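All remarks here apply to the structure that follows.
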Amino acid sequence: MEEVGRLLRQAREDLGLSLAEVEARTKIRSRYLLALEEGQYDVLPGKVYALGFLRNYAEFLGLDVELILSQVKDRLPDENHLQLGEDQLPSSDQPLRRFYLGTGFLKVAIGLLLVLLVFKGIYHVLPSKQGNGGADPSGSIVEEQKTGEEAKGPEVELPIIEPQAEEKLEVAIQVKDEQGARCWVEVRADGERIYAGTLERAEQKVFTAEEKIKITLGNAGAVAVTYNGEEFGSPGKKGEVVSLEFPRE
């Protein structure tokens, strides 16, 4: 497989292209392209996608696709089903951390606020009593009433924090814009069959699920698959039946 990798790299360099430029034109991540050139197939997310990436890369470079695949296919471990978790997919962005304020925290914050307001009211009451001495009792009552009103303080409106809904899994299936291209597709979302039919040339459908999506392709070489925005190209050859499973982890 290292010989195939050297052939890929030499063809790319002969075209004067960098890995970044190839990534932009093939939609295959540069770290996967580098893994193909170095023969490090354990970096790739499984046999089906490794062959798909290799097919698309070799075709882009103008190499003999079938010859390239024949030198690699039998040397990769067989997989009946490919399972991809979200943590296996590369991502250019780090996941956002979400913080939630529990009800316990809110209660403590409100309690501290009330205590501070009460102490503020007591501080205003004591100096006024000492300074008035034998002043009219009614005046003291009025002062105390005002102090009590001050102690209540302004009403504080706390923001309502609503939990953010978890994003759904999304799989897009695009039939290639080629003569005679069509593919029978079956899709199961969270264990329920939601679609079964034939997609025609250049047709695309997008499917979503909460926990798991499983798709079966009757002509894997005629379609390109995208999972949560990550393009993986064709998962197999023309006429090949392939099943893919995408669970949430």
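Read the sequence shown against the working numbering and you will find it ends at 313, with the numbers running on by one and no gaps.
Even for Gly, the Cβ is constructed at its ideal location relative to N, Cα and C.
Bear in mind that the values here come from a model prediction, so they are computed numbers and not experimental data.
Comparing C-alpha positions only, which one of the options sits nearest to residue i?
i    : options                : result
V136 : R119, N292, V107, T262 : R119
R70  : L127, V107, P109       : L127
F271 : V129, Y96, R252        : R252
G110 : S82, L140, F124, S134  : L140
R312 : E274, K301, E295, E304 : E274
F117 : L125, I92, Q243        : I92
E295 : E234, L125, L181, E230 : E234
T104 : V68, R257, D138, E230  : Correcting the residue type first, residue 104 is Gln in the shown sequence and not Thr. Nearest option by C-alpha distance: V68.
Do you know how far the Cα of residue j is from the Cα of residue i?
i    : j    : result
E264 : N283 : 11 Å
Q152 : K232 : Here Q152 scores only 41 on pLDDT, less than 50, and its place in the model should not be relied on; the value that follows carries that caveat. Rounded to whole angstroms, Q152 to K232 spans 17 Å at the Cα level.
D254 : G261 : 19 Å
Y259 : D106 : 33 Å
A84  : R76  : 11 Å
T314 : V249 : In the structure as shown, the chain starts at 65 and stops at 313, and residue 314 therefore has no counterpart that could be examined.
E66  : L100 : 9 Å
G303 : C247 : 9 Å
L131 : E123 : 11 Å
Q194 : V179 : For Q194, the predicted model reports a pLDDT of 47, less than 50, meaning its position is unreliable and no value from the coordinates is stated.
Q238 : G175 : 57 Å
E309 : D241 : 25 Å
K301 : Q268 : 19 Å
R257 : L281 : 14 Å
L125 : Q243 : 22 Å
Hey, would you say residue i sits closer than 8 Å to residue j, going by beta carbons?
i    : j    : result
E87  : S94  : yes
L79  : Y96  : no
A245 : T290 : no
Y121 : L72  : yes
V129 : V306 : no
L133 : L115 : yes
What are the partner residues of residue i, as DSSP defines its beta bridges?
i    : result
A260 : E250
V239 : V287
E234 : T272
G297 : V289
Would you call residue i buried or exposed, if buried means 16 or more other Cβ atoms sit within 10 Å of its Cβ?
i    : result
I277 : buried
S298 : buried
A286 : buried
L177 : exposed
I279 : buried
G39  : The requested residue 39 does not occur in the structure, where the chain is confined to residues 65 to 313.
A266 : exposed
Below 7 Å, is the gap between the Cβ of residue i and the nearest heavy atom of the ligand SAM?
i    : result
G297 : The model depicted lacks the ligand SAM and carries no ligand whatsoever.
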